[in-house]
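S.K.: Top to bottom, those sequences are chains A and H. Each residue of the first sequence is one higher than the last, beginning at 58 in the working numbering. Each residue of the second sequence is one higher than the last, beginning at 138 in the working numbering. Structure in structure tokens, see below.
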Amino acid sequence: GAGVSQSPSNKVTEKGKDVELRCDPISGHTALYWYRQRLGQGLEFLIYFQGNSAPDKSGLPSDRFSAERTGESVSTLTIQRTQQEDSAVYLCASSSLQGRSYGYTFGSGTRLTVV
Amino acid sequence: GNSVTQMEGPVTLSEEAFLTINCTYTATGYPSLFWYVQYPGEGLQLLLKATKADDKGSNKGFEATYRKETTSFHLEKGSVQVSDSAVYFCALAGGSYIPTFGRGTSLIVHP
């Protein structure tokens, strides 16, 4: 598509429920990144996918968080047994292999509220 | 590891004032440097970038120069507008391919 698409744009869930967030990157972009942005804070790296390589999961805050991506297509971020501290905007970005040269394209994010 | 430090906000200016938002970084090697802007309720948009020392990135009247000797990439604009009100993020991308972002600096421009 023309840009990075994320869905849903807003999600309200009850504490303890599981949620799935979706990211549809720009066609042809091999790299995909998930970040978390808490209110008034910067971007916290979560996970990085590059093509068919093993993902870099070093930013995932706990084993309740997981993400998948099939090839160079859609990615889903799953949060199990949600907690109130999971409330944040979850941002997805994609780039070509030359992301360092050309930059990274972000989606509009999913605002997650855990009540 | 890599890190980016930005001046704390909010920065509050009157329209047509001069803007500087400071950004310094720590990285090994020769990272690429970026400024992103986030308008309320939206994702981050690339504002400008520089990929090597002494490069100047520019866009929409904003400029930043990659200074390796001071490890800085300060954002400047000669005359801000109300529509520039947003949060600005400085970022770097080094050898790990994972970009590192600063905490963001909120800019508020009053008419």
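For every residue, glycine included, the Cβ atom is placed at its ideal position computed from N, Cα and C.
1) Does DSSP put H/Glu200 in a helix, a strand or coil?
2) Excluding the 5 residues preceding and the 5 following H/Thr161 in the sequence, name in chain order all residues of the same chain whose CB lies nearer than 6 Å to its CB.
3) Could I get the ranges of all uninterrupted beta strand (DSSP E) runs contained in the stretch 95 to 122 of chain A, with 3 residues as the minimum, in chain order?
4) Between the C-alpha atoms of A/Ile83 and A/Gln141, what's the straight-line distance to the nearest angstrom?
5) With DSSP collapsed to three states, give me the class of H/Gly178.
6) Who pairs with H/Gln218 in a beta bridge, going by DSSP?
7) Identify the residues that DSSP records as bridge partners of H/Gln143: which are they?
8) Determine whether the beta carbon atoms of A/Leu154 and A/Thr87 lie at a separation below 7 Å.
9) Looking at A/Gly160 and H/Leu183, is the spacing between their C-beta atoms short of 7 Å?
10) Taking the Cβ atom as the reference point for each residue, do H/Tyr203 and H/Ala190 lie within a distance shorter than 7 Å?
11) Who are the neighbours of A/Leu134 on chain H, taking C-beta pairs under 7 Å?
12) On a Cα-Cα basis, can you pick out the residue from A/Val131, A/Thr70, A/Gln137, A/Ser158 that is closest to A/Trp91?
13) Verify the CB distance criterion: does H/Arg204 have a CB-CB separation below 7 Å to chain A?
14) Would you kindly check if the distance between the Cβ of H/Phe171 and the Cβ of H/Ala223 is under 7 Å?
15) Exposed or buried, what is H/Ala201 when buried is set at 16 or more other beta-carbons lying within 10 Å of its beta-carbon?
16) Can at least three beta-carbon pairs, one atom from the stretch 111 to 126 of chain A and one from the stretch 153 to 169 of chain H, be found at a separation below 8 Å?
17) Measure the CB-CB distance between H/Gly241 and A/Gly99 and report whether it falls below 7 Å.
18) Measuring only between beta-carbons, confirm whether A/Leu100 sits less than 7 Å from chain H.
19) If you follow the beta strand (DSSP E) that A/Ser158 is part of, which residue opens it and which one closes it?
20) Just to make sure I have the definition right: I need the residues of chain A whose C-beta is within less than 8 Å of the C-beta of H/Tyr162. Which are they?
M.R.: To lay it out plainly:
1) Position 63 of the second sequence, counted from the start, is the residue given in the question as residue 200 of chain H. H/Glu200: strand per DSSP, three-state reduction.
2) For the purposes of this step, residue 161 of chain H is taken as residue 24 along the second sequence, with counting starting at 1. Non-local C-beta neighbours of H/Thr161 in its own chain, meaning closer than 6 Å and more than five positions away in sequence, comprise Thr142, Thr208, Ser209, ordered along the chain.
3) 100 to 107
4) Sequence index remark: in the first sequence, residue 83 of chain A carries index 26 (1-based). Sequence index remark: in the first sequence, residue 141 of chain A carries index 84 (1-based). Computed Cα separation, rounded: 31 Å.
5) Translated into positions along the second sequence, residue 178 of chain H becomes position 41. In the structure shown, H/Gly178 sits in coil (DSSP, three-state: anything other than H, G, I, E or B).
6) Translated into positions along the second sequence, residue 218 of chain H becomes position 81. Looking at the DSSP assignment, H/Gln218 forms no beta bridge with any residue, so it has no partner.
7) For this step, residue 143 of chain H is matched to residue 6 along the second sequence. According to DSSP, H/Gln143 bridges with H/Cys160.
8) Position 97 of the first sequence, counted from the first residue, corresponds to residue 154 of chain A. Position 30 of the first sequence, counted from the first residue, corresponds to residue 87 of chain A. Yes, Cβ-Cβ distance for A/Leu154 and A/Thr87 is below 7 Å.
9) As a working note, residue 183 of chain H is residue 46 in the second sequence. As a working note, residue 160 of chain A is residue 103 in the first sequence. Cβ distance < 7 Å, so H/Leu183 and A/Gly160 count as in contact.
10) Along the second sequence, one-based indexing puts residue 203 of chain H at 66. Along the second sequence, one-based indexing puts residue 190 of chain H at 53. Yes, Cβ-Cβ distance for H/Tyr203 and H/Ala190 is below 7 Å.
11) The residue you call residue 134 of chain A lines up with position 77 of the first sequence. Result: empty, since nearest Cβ-Cβ is about 15 Å, beyond 7 Å.
12) Walking along the first sequence from the start, residue 91 of chain A turns up at place 34. Answer by Cα proximity: A/Val131.
13) Stepping through the second sequence from its first residue, residue 204 of chain H is reached at position 67. For H/Arg204, the answer is no, since every Cβ of chain A falls outside 7 Å of its Cβ.
14) Position 86 of the second sequence, counting from 1, holds the residue named residue 223 of chain H. Position 34 of the second sequence, counting from 1, holds the residue named residue 171 of chain H. Contact flag unset, no.
15) Here the question's residue 201 of chain H lines up with position 64 in the second sequence. The residue is buried, with at least 16 neighbouring Cβ atoms inside 10 Å.
16) No, the stretch 111 to 126 of chain A does not touch the stretch 153 to 169 of chain H.
17) Start at 1 with the first residue of the second sequence, and residue 241 of chain H comes out as number 104. Start at 1 with the first residue of the first sequence, and residue 99 of chain A comes out as number 42. Yes, they are a contact pair.
18) Position 43 of the first sequence holds residue 100 of chain A. So, interface residue.
19) Along the first sequence, one-based indexing puts residue 158 of chain A at 101. Not the beta strand (DSSP E): A/Ser158 falls in the alpha helix (DSSP H), residues 156 to 159.
20) As a working mapping, residue 162 of chain H is identified with position 25 in the second sequence. Going along chain A, no residue has its Cβ under 8 Å from H/Tyr162, so there is no contact; the nearest lies around 14 Å.
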